[in-house]
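Inspection log for the structure reproduced underneath, given as structure tokens.
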Amino acid sequence: MPTFLRSVWDEPRPPDPPRRVWRDWVLVGVLAPVAVLEGVLRPDLPWRTLSVIVAVGLLPTLLWRRTRPLLMVVICFAVTNLAPLLTGQPPSEMYTMAYQLILPYSLFRWGSGREAVVGLTVMLVSASLPLVSGHTTGADAIGAFTVLPTTVALGGAFRYRAGARMREIEQAKLLEREQLARDLHDTVAHHVSAMAIRAQAGLATAASRPEAATEALHVIEAEAARALAEMHAMVRVLRRDHPIDLAPGRRITDIEQLAGRDRSGPSVGVEISGDLGDLPPSVEAAIYRLAQESVTNARRHARHATRVEVRVTADDTSVHLRVSDDGDSGLVRPTASPGYGLIGMIERAHLLGGTCVAGPNPDRGWTVTAVLPRTGAAA
27 MPTFLRSVWD EPRPPDPPRR VWRDWVLVGV LAPVAVLEGV LRPDLPWRTL SVIVAVGLLP
87 TLLWRRTRPL LMVVICFAVT NLAPLLTGQP PSEMYTMAYQ LILPYSLFRW GSGREAVVGL
147 TVMLVSASLP LVSGHTTGAD AIGAFTVLPT TVALGGAFRY RAGARMREIE QAKLLEREQL
207 ARDLHDTVAH HVSAMAIRAQ AGLATAASRP EAATEALHVI EAEAARALAE MHAMVRVLRR
267 DHPIDLAPGR RITDIEQLAG RDRSGPSVGV EISGDLGDLP PSVEAAIYRL AQESVTNARR
327 HARHATRVEV RVTADDTSVH LRVSDDGDSG LVRPTASPGY GLIGMIERAH LLGGTCVAGP
387 NPDRGWTVTA VLPRTGAAA
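When we follow my numbering, the leftmost residue of the sequence shown carries the number 27, and every step to the right adds one.
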């Protein structure tokens, strides 16, 4: 138990909490006249003027509930408890004050562990004071102690869900970085193996054919330049240890193997054009994997799709990939929450200094577009 309490106390805030957005201002703008209207329409409300002032005066706490959750909880619960104590009247019974439930939710959704513990203590004490002072009945106290844990649990559940989603996204990015690092590692190993073979051949023929040794040195120089370029990209990519495979990775021409028709899916057409010479192996492998992932996603998720078109074009500065299908894009694959396959594709393109975007077509279908620089420079 001490370990659990320590982990809760040391829990940091979730990163990048959203600041005030237009919805917050709309919420405050709607609740203010509602509170005034309630005060006018409820003549039985005790201390109507004071209750309305408190309800409206505490509305700005909603604007800072994500960035200063503990402070907003303390202000709100302190004011709502001090007002009855100073006036000698029961707590406000305004229905509009139900917006206070947003603050405990925000505290456990966006606050740190110690802020949540302190805030929970403040809320429990605040909920107990009216019962101790005799300003509320036991039934009202039971209702308060029932609603409060529910709100707290809801904030904690959304916090856990968001944290799990973020961890899965980071894991997808890490796996893509590892795969790219492995591809780069294999490419460098291939270049070094070629250099070693050429060096051995040069040594064997140096005495009888000096020109062959000179040619071998030129080849070694070119291979060394390519290896250094690939190593420069590799050191920018996170990776773990993987078994070494000296065979080169996939090439753009291997995309033609994706053509054809799956027995339960749409047919795939491949078109490759442009100057594909002297492309770094990392760029070729990335284009192939992006095309493969896009075709796989189309076959799995594109409803009623009959055709997937894969087009690869290369110019003097970059390589362009476009994969589109004719499925019902409006029914599946929403862009608001991209899948982990798409996240990995975006990460791979970003690491090589390129871009990758995906989304529905204006009429029907889904399109993935990627652009990678010919140099394959890592971002």
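All C-beta atoms in this analysis are idealised placements derived from N, C-alpha and C, irrespective of residue type, glycine included.
{"Item": "Rounded Cβ spacing between residue 353 and residue 300 (contact assumed at less than 8 angstroms)", "Value": "Going by Cβ atoms, the distance from residue 353 to residue 300 rounds to 27 angstroms, so no, they are not a contact pair."}
{"Item": "Limits of the beta strand (DSSP E) - the one that residue 399 falls within", "Value": "392-399"}
{"Item": "Residue 42 versus residue 144: straight-line alpha-carbon distance, rounded", "Value": "22 angstroms"}
{"Item": "Neighbourhood of residue 96 by C-beta distance below 7 angstroms, restricted to the same chain and skipping five residues each side", "Value": "133, 137, 141, 144, 145"}
{"Item": "DSSP state of residue 201 mapped onto helix, strand, coil", "Value": "helix"}
{"Item": "Three-state class that DSSP yields for residue 133 in the structure shown", "Value": "helix"}
{"Item": "Beta-carbon proximity list for residue 280, same chain, < 7 angstroms, skipping 5 on both sides", "Value": "314"}
{"Item": "Identity of the residues DSSP links to residue 339 by a beta bridge", "Value": "299, 346"}
{"Item": "Proximal residues to residue 46 (C-beta, below 7 angstroms), its chain only, five neighbours per side dropped", "Value": "89"}
{"Item": "Residue span of the alpha helix (DSSP H) that contains residue 482, given as start and end", "Value": "Residue 482 lies beyond the residue range present for the chain, which begins at 27 and ends at 405; the question has no answer from this structure."}
{"Item": "Residue span of the beta strand (DSSP E) that contains residue 385, given as start and end", "Value": "381-386"}
{"Item": "When 150, 92, 69 are compared against residue 119, the one with the closest alpha-carbon", "Value": "69"}
{"Item": "Beta bridge counterpart(s) of residue 333 as assigned by DSSP", "Value": "293"}
{"Item": "Residue interval of the alpha helix (DSSP H) (run including residue 66)", "Value": "48-67"}
{"Item": "Within 7 angstroms, strictly: CB atoms of residue 85 and residue 77", "Value": "no"}
{"Item": "Beta-carbon contacts of residue 61 that lie in its chain and below 6 angstroms, excluding the five residues immediately before and after", "Value": "78, 81, 82, 122"}
{"Item": "Residue from 110, 346, 100, 194 with nearest C-alpha to residue 126", "Value": "100"}
{"Item": "DSSP state of residue 351 mapped onto helix, strand, coil", "Value": "strand"}
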